[in-house]
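Per numbering that gives the first Met the number 0, residue 0 is the first one in the sequence shown, and the count goes up by one each step.
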Amino acid sequence: MSRKRILIIDDEKLIRWSLIQKFSEWNLETLEAETCELGRQILERESPDLVVLDVNLPDQKGTDFLEEIKGQWPEIPVIMITAYGSIDDAVIAMRRGAYDFITKPINDLKLQSAVNNALETASLKKEVAYFKEKEQKRFDPSSIVTESKTMKKILEITQIVAQSEATIVLLQGESGTGKDLLAQAIHYLSRRKAAPYQVINCSAIPENLLESELFGYEKGAFTDAKQQKKGLVELAHKGTLLLDEIGTMSLTLQAKLLRFLETQTFKRVGGLKDIEVDIRVIAATNQDIEFATREKKFRHDLYYRLNACPIYIPPLRERKTDILPLADFFVRQENIRFRKNIQGFDKEAQKLFLDYDWPGNVRELKNAIERAMIFEKGAYITAKHLPFHSDKRPSSYPVHPKKQVLGGTITLADAEKDLLIGALNKAHGNKSKAAKALDITRDAMRYKIKKWNITPKDLNLPE
0 MSRKRILIID DEKLIRWSLI QKFSEWNLET LEAETCELGR QILERESPDL
50 VVLDVNLPDQ KGTDFLEEIK GQWPEIPVIM ITAYGSIDDA VIAMRRGAYD
100 FITKPINDLK LQSAVNNALE TASLKKEVAY FKEKEQKRFD PSSIVTESKT
150 MKKILEITQI VAQSEATIVL LQGESGTGKD LLAQAIHYLS RRKAAPYQVI
200 NCSAIPENLL ESELFGYEKG AFTDAKQQKK GLVELAHKGT LLLDEIGTMS
250 LTLQAKLLRF LETQTFKRVG GLKDIEVDIR VIAATNQDIE FATREKKFRH
300 DLYYRLNACP IYIPPLRERK TDILPLADFF VRQENIRFRK NIQGFDKEAQ
350 KLFLDYDWPG NVRELKNAIE RAMIFEKGAY ITAKHLPFHS DKRPSSYPVH
400 PKKQVLGGTI TLADAEKDLL IGALNKAHGN KSKAAKALDI TRDAMRYKIK
450 KWNITPKDLN LPE
């Protein structure tokens with residue numbers, strides 16, 4: 000591993016020599032300059048890991064040159080040294096971004112500690128910057144796999160929303176469509192990307208705990224509140240908070256959330272003081288919230304507030320052109336993980352992929368690829384290793400009563416169509432109620448009605 004390089008800028012030759020000896024003992028390389036101009040040339044040419052800078056130099060004040068360094072090379076830490084120990088110089092240096100300030104004669108232990116800490120801090124900052132840049136590239140819309148015109152339009156909208164000042168976004172779509180991926184894309188494409196990204200699943204936390212998880216609590220607010228705790232709203236300050244499965248939130252907490260969204264202020268549980276934050280809230284749901292408001296299970300005023308900037312992600316079955324590109328992408332990913340070299344799918348497998356309805360959407364597709372790659376030994380994934388292959392249907396698979404009487408079998412298509420017709424008949428033709436009974440969204444219901452060409456003539460409803 001290469002040694003760290005320190006640039007010493009000091010007009011006293013003896014000081015430079017002394018520092019060079021010390022840094023050499025500490026396994027550090029050194030560069031030296033006696034003026035700010037020479038130091039500037041070395042900075043442009045060599046890009047050192049740390050600068051040790053004297054306050055008083057012949058051609059320029061060290062604190063002024065410090066400001067220049069932090070403007071052009073902000074990632075390089077600077078330790079200021081001076082023979083005078085002026086408090087004013089120290090204050091100016093720290094305000095202008097110096098990592099530390101050391102007076103002459105230099106204490107070796109103090110200098111070594113300052114240098115080690117500065118180098119470690121700079122290394123950590125570079126590492127954090129690397130991973131943040133990696134995350135940003137990962138969630139760049141241009142890197143999201145899609146051939147669908149609808150999805151491409153959604154990604155364009157996502158980019159516009161991310162770079163706007165909108166503080167509330169609503170993501171709707173069935174489970175597994177990628178709402179969490181889109182939420183992260185919105186965060187990492189925004190001015191908030193360097194700030195925290197917090198996530199809470201509203202359906203995974205008991206109702207009595209959800210408020211304190213969101214807003215925090217004061218010491219003594221309840222029996223187990225032995226100390227103050229900040230909630231995710233406060234921890235996400237300047238960043239983004241994803242409220243996943245918001246449709247499951249209780250009406251009481253919905254009222255408190257609405258107040259927060261309106262004012263960007265909140266009180267911790269048991270607290271009296273209003274706390275103000277600046278965050279973007281992304282609400283995600285796989286439920287039909289509009290229908291829930293009509294059923295009085297979701298506050299209409301909160302729905303209208305959330306719906307200011309809605310993005311709907313269509314299910315995978317409505318964007319068939321994405322199925323094979325996504326499947327190929329997951330194969331490339333899993334090849335690395337499983338240390339395999341599978342090239343793709345045979346024709347029968349491709350047809351099964353395109354014919355299948357994918358009720359679990361992209362998540363189900365990814366899981367199907369993973370399962371197939373565990374068992375596949377050839378160069379291409381074959382149909383027999385796909386979990387929805389017809390040969391894999393268990394012998395106990397339910398047979399349609401009418402067909403059973405005739406001694407025959409039924410296709411999945413017939414079963415689904417009959418199930419839809421039955422639900423619509425029971426709901427007296429009300430599509431929303433039928434969708435709710437089948438635990439699917441209203442959009443999915445409309446899609447299936449169109450898919451199977453179900454008309455009023457197919458229903459057993461009174462004239």
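Just so you know, even glycine gets a beta-carbon here, dropped at the ideal spot from N, CA and C.
Bridge-paired residues (DSSP) for residue i
i: Glu275; result: Thr264
i: Asp99; result: Ile78
i: Asn200; result: Asp243
i: Leu52; result: Ile8 and Met79
i: Val168; result: Ile281
i: Gly343; result: Tyr379
i: Tyr311; result: Gln171
i: Tyr216; result: Lys228 and Val268
i: Ala32; result: Ile8
i: Lys296; result: In DSSP, Lys296 forms no bridge with anything.
i: Lys60; result: Asn55
Whole-angstrom C-beta distance between residue j and residue i, which should lie under 8 angstroms
i: Arg464; j: Glu28; result: Nothing can be reported for residue 464: it is not among the residues displayed for the chain, which extend from 0 to 462.
i: Ile199; j: Thr239; result: Actually they do not touch by this definition, with Cβ atoms about 12 angstroms apart.
i: Glu375; j: Ile341; result: 6 angstroms
i: Gln227; j: Glu212; result: Not really, about 14 angstroms apart at Cβ, beyond 8 angstroms.
i: Val50; j: Val77; result: 5 angstroms
i: Phe344; j: Ile380; result: 5 angstroms
i: Leu52; j: Leu65; result: 6 angstroms
i: Thr284; j: Glu244; result: 6 angstroms
i: Asp107; j: Lys21; result: 6 angstroms
i: Gly246; j: Phe297; result: 6 angstroms
i: Leu13; j: Ala32; result: 15 angstroms between Cβ atoms; not a contact.
i: Asp321; j: Met150; result: 6 angstroms
i: Ile167; j: Arg362; result: Contact doesn't hold; Cβ gap of about 26 angstroms is too wide.
i: Lys339; j: Met372; result: 6 angstroms
Backbone CA spacing between residue i and residue j [nearest angstrom]
i: Ala348; j: Gly359; result: 18 angstroms
i: Lys456; j: Leu419; result: 14 angstroms
i: Ile75; j: Leu169; result: 41 angstroms
i: Glu333; j: Pro314; result: 23 angstroms
i: His399; j: Lys229; result: With a pLDDT of 43 at His399, under the threshold of 50, the predicted position of this residue should be treated as unreliable, and no value is reported.
i: Gly215; j: Leu234; result: 10 angstroms
i: Gly172; j: Pro73; result: 43 angstroms
i: Phe328; j: Tyr196; result: 26 angstroms
i: Pro393; j: His384; result: The predicted model places Pro393 with a pLDDT of 37, which falls under 50 and marks its position as unreliable; any figure quoted below should be read in that light. Cα to Cα, Pro393 sits roughly 15 angstroms from His384.
i: Lys447; j: Glu210; result: 38 angstroms
i: Arg39; j: Thr262; result: 49 angstroms
i: Phe221; j: Ser147; result: 51 angstroms
i: Leu56; j: Ile156; result: 54 angstroms
i: Val144; j: Gln162; result: 21 angstroms
i: Ala92; j: Leu30; result: 22 angstroms
i: Val160; j: Leu353; result: 32 angstroms
i: Ala203; j: Gly61; result: 56 angstroms
i: Lys432; j: Tyr311; result: 21 angstroms
i: Ala194; j: Lys237; result: 6 angstroms
i: Ala165; j: Thr292; result: 23 angstroms
i: Arg370; j: Val276; result: 44 angstroms
i: Arg258; j: Leu231; result: 16 angstroms
i: Pro47; j: Phe100; result: 19 angstroms
i: Leu208; j: Asp438; result: 27 angstroms
i: Asp63; j: Arg4; result: 23 angstroms
i: Pro260; j: Arg279; result: In the sequence as displayed, the identity of residue 260 is Leu instead of Pro. In a straight line, the C-alpha of Leu260 is about 9 angstroms away from that of Arg279.
i: Ile68; j: Glu206; result: 52 angstroms
i: Ala443; j: Leu123; result: 47 angstroms
i: Val330; j: Glu415; result: 30 angstroms
i: Arg94; j: Asp87; result: 11 angstroms
i: Gly219; j: Asp273; result: 18 angstroms
Burial state of residue i (16 or more Cβ within 10 Å)
i: Ala378; result: exposed
i: Asp390; result: Caution applies to Asp390, whose pLDDT of 43 falls short of 50 and renders its modelled position unreliable; the value that the coordinates give is listed next. Result: exposed.
i: Glu24; result: exposed
i: Tyr302; result: buried
i: Phe130; result: exposed
i: Trp16; result: exposed
i: Asn115; result: exposed
i: Gln467; result: Nothing in the structure corresponds to residue 467, since the chain is present only between 0 and 462.
i: Arg191; result: buried
i: Thr81; result: buried
i: Val127; result: exposed
i: Ile185; result: buried
Chain B within 9 angstroms of residue i, Cβ atoms only
i: Tyr379; result: In summary, chain B is missing from the structure at hand, where a single protein chain is found.
Report task. Any chance you could list the alpha helix (DSSP H) runs of at least 4 consecutive residues sitting entirely within the region 168-195, in chain order? Result -> 178-187
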